[in-house]
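Worksheet: one structure, shown below.
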Amino acid sequence: MVKKINNTQSANLTLGGITLGFLLSYPFHATSFLGGLISSGCSAGMIGGLADWFAVTALFRRPLGIRHSKLLRTEIIPRNRERIFNALADMVQHELLTKDVLKQKLGMWDFSGDLLKVFQQDQVKESAKQLLVDLTEEISHSLDTNSLSRSLQGLLQENLNSQENISRLELSATVIAVLEFSLERGQIDLLLQAVCKAMKELLLKLTVNRALTNMIEAALIRYGANNPTRKLVGKFLPSPAILAQGIIDKGKTALQDGTVERWLKELVQKGIINLKTNPEMQDKVNQRCAKALTALTYTDSNIPEEAETTREMSSDLVPKVIERGLKKLQDDWDQNLEAIKHKPELRKAFNQEIRSFLEKQIEDHHDVIGRTVREGLYPLTNDKLVALIEEKAGNDLQMIRINGSLVGGLVGMLIYVLGMVFR
């Protein structure tokens, strides 16, 4: 590992050396050409170095205890703390993580693959299975299924091979009732808690940290490409690894304190409201439920037999169909996930739905990025802000002092030579 050069020490040594050179050569200033040349060069270099020392130090604190005034500006960074925070927030929001960049990144994510990993977690599986068991036990008590059962029985007796007849049933109302029942009994909460826990475990994996670090690093390189000013501003930010870990910590906190769980629950509640008020969505749900019910009904040899039983048994038909469907879903959990894993068209459609939803959120809430950056920066006190910037850019700023001393010395020598020539 290459040891980093301490430019502060180099700048102090340069200024000290030039000052010493001026003191030693000044007695010979008027007696010899060489003495005058060295004295003039060291004099100008000393002045340039001191001026740049004052300028660099004034960025962070009060050099020589001089307070800020109209003539001399000191403590420039602490006094412009708000402006710096706003500039960094705007940089991240409008240049580093623009809407187009975020949408481009969304196009590279496999949401269905990540979701399959979540639902393969043991706790999520157990929680979902328990939800299905509870739904199976309580669904007959939460729904008035008599009329629905009689309608389904009549359709089955009329034409066992007609999905069109089954599609006439308003199954969306049943879905709404089941979801509302699950919300009231807290079953949805249990499932969302398990999902959030699994998501947190995935978030803490080393591969996620590496991928996020690489993404931020690439974004910073792209942001500062061929632009020295942007590179300097980018230095004020923590390293990509620290930023990535900060994002992961934020995500972990949101998953632990219930923020994500509440957000997901709100989505479920909004989905129920949309399903209640959107006829087009109701038609889609009716068609999908009818398709699933048709497949379940005609592949289970016991259902047609029950469809031909006495009218007194008709009220049991729908609960039994639903009970068997939920039990089959519970028993075939892993097989169903594996089947979905090998259905690219289904996963592609799911990814597109999630991507469309998230792109809409980006359009509506993109300003949250800047606000989040500001909220993350506000805890930085003046001292911490100065320490952060000095850590990131202070070593480069010290080069100004070195350059000021060297360039000042060369200009002083040049002026002395020109003076001797034109005397």
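Position 14 of the sequence shown, counting from 1, maps to 14 under this note's numbering, and the rest follow consecutively.
Yeah, the Cβ is synthetic: ideal placement off N, Cα and C, and Gly gets one too.
On a CA-only basis, which of Thr98, Val373, Asn274 and Ala51 is nearest Lys250? Give me that one, please. Checked all of Thr98, Val373, Asn274 and Ala51; the closest Cα to Lys250 is Val373.
Does the segment 101-121 come close enough to the segment 390-405 that 3 or more CB-CB pairs lie under 8 angstroms? The segment 390-405 vs the segment 101-121: no contact.
Given a threshold of 16 other Cβ atoms within 10 Å of its Cβ, counted over all protein chains shown, does Tyr416 qualify as buried or as exposed? By the neighbour-count rule (16 or more Cβ atoms within 10 Å), Tyr416 is buried.
For Gly45 and Leu414, believed in contact at Cβ under 8 angstroms, the rounded distance: For Leu414 against Gly45, the beta-carbon gap comes to about 12 angstroms, at or over 8 angstroms, which does not count as contact.
Distance, Cα to Cα, Glu126 vs Gln187? Our two residues, Glu126 and Gln187, have alpha carbons roughly 12 angstroms apart in a direct line.
Residue nearest to Gln282 in terms of C-alpha spacing, selected from Leu385, Ile247 and Val175: Taking only the C-alpha atoms, the option nearest Gln282 is Val175.
Distance, Cα to Cα, Val92 vs Lys252? C-alpha separation (whole angstroms): 22 angstroms.
Where do the N-terminal and C-terminal ends of the alpha helix (DSSP H) with Asn274 fall, by residue? Where Asn274 is concerned, the enclosing alpha helix (DSSP H) starts and stops at Thr259 to Thr277.
Pairs of beta-carbons, one from the segment 12-19 and one from the segment 352-366, closer than 8 angstroms: are there three or more? Output reads no: the segment 352-366 does not touch the segment 12-19.
For Pro63, does the three-state DSSP call read helix, strand or coil? Pro63: helix per DSSP, three-state reduction.
Thinking C-beta only, is Ala11 closer than 9 angstroms to Gly35? No.
Are Leu106 and Glu280 touching if we call contact CB-CB under 9 angstroms? Contact: no.
Can you list, in chain order, the residues of its chain with a C-beta nearer than 6 angstroms to that of Gln245? Leave out the 5 residues immediately preceding and following it. Around Gln245, the same chain offers no residue with a beta carbon nearer than 6 angstroms, after the five sequence neighbours per side are excluded.
One question on the structure: do Thr189 and Lys265 come within less than 9 angstroms of each other, judged by their Cβ atoms? A quick correction: the sequence has Asp, not Thr, at residue 189. It is a contact, given that the beta carbons lie within the stated cut-off.
If you drop the 5 nearest sequence neighbours on each side, which residues of the same chain put their C-beta closer than 7 angstroms to that of Leu192? In its chain, beyond the 5 residues on either side, Glu261, Leu264 and Lys265 have a beta carbon closer than 7 angstroms to the beta carbon of Leu192.
Quick check: Asp256 and Lys200, are their CB atoms within less than 9 angstroms of each other? A small fix is needed here, since residue 256 is Gln in this sequence, not Asp. A contact, by the Cβ cut-off of 9 angstroms.
Give the straight-line distance between the Cα atoms of Arg73 and Arg62, rounded to the nearest whole angstrom. Rounded to whole angstroms, the separation of the alpha carbons of Arg62 and Arg73 is 9 angstroms.
Look up His365 in the DSSP assignment and say whether it is helix, strand or coil. Correct three-state label for His365: helix.
Outcome for Ser25 when other beta-carbon atoms lying within 10 angstroms are tallied against a minimum of 16: So Ser25 counts as buried.
Specify, as a first and last residue, the run of the alpha helix (DSSP H) that Ser112 falls within. Judged by DSSP secondary structure, Ser112 falls within the alpha helix (DSSP H) whose first and last residues are Phe111 to Phe119.
Boundaries (first-last residue) of the alpha helix (DSSP H) holding Ala82: In the sequence on display, residue 82 carries Glu and not Ala. Counting along the chain, the alpha helix (DSSP H) containing Glu82 begins and ends at Arg81 to Met91.
Pick out the complete beta strand (DSSP E) segments inside the segment 166-200, 3 residues or longer, and give them in chain order. The segment 166-200 contains no complete beta strand (DSSP E) run of 3 or more residues.
Expressed to the nearest angstrom, what Euclidean distance is found between the alpha-carbon atoms of Ile38 and Leu385? CA-CA distance, Ile38 to Leu385, rounds to 41 angstroms.
Measuring CA to CA, which of Ile354, Ala349, Ile247 and Phe85 is closest to Gly370? Selected option, being the one with the closest Cα: Phe85.
Between the beta-carbon of Ile247 and the beta-carbon of Glu180, is there less than 9 angstroms? The answer is no: Cβ separation not under 9 angstroms.
How would you write the range of the alpha helix (DSSP H) that Ala387 sits in, first residue to last? Taken as a continuous stretch (DSSP letters only), the alpha helix (DSSP H) holding Ala387 covers Asn382 to Ile389.
Which residue comes first and which comes last in the alpha helix (DSSP H) that contains Ser25? Residues Asn7 to Ser25.
Can you give the Cα-Cα distance for Arg401 and Ser40, rounded to whole angstroms? Per the coordinates, the alpha-carbon of Arg401 lies some 19 angstroms from the alpha-carbon of Ser40.
Assign Val407 to one of three DSSP states: helix, strand, or coil. Assignment of Val407 by DSSP, reduced to helix, strand and coil, places it in the helix class.
Where do the ends of the alpha helix (DSSP H) carrying Lys252 lie? Per DSSP, Lys252 belongs to the alpha helix (DSSP H) from Pro240 to Gln256.
How about Arg109 and Asn403: do their beta carbons lie closer than 9 angstroms? The amino acid at residue 109 is misidentified as Arg; the sequence shows Trp. No.
Whether Ile354 touches Lys99 by CB criterion (9 angstroms): No, Cβ-Cβ distance for Ile354 and Lys99 is not below 9 angstroms.
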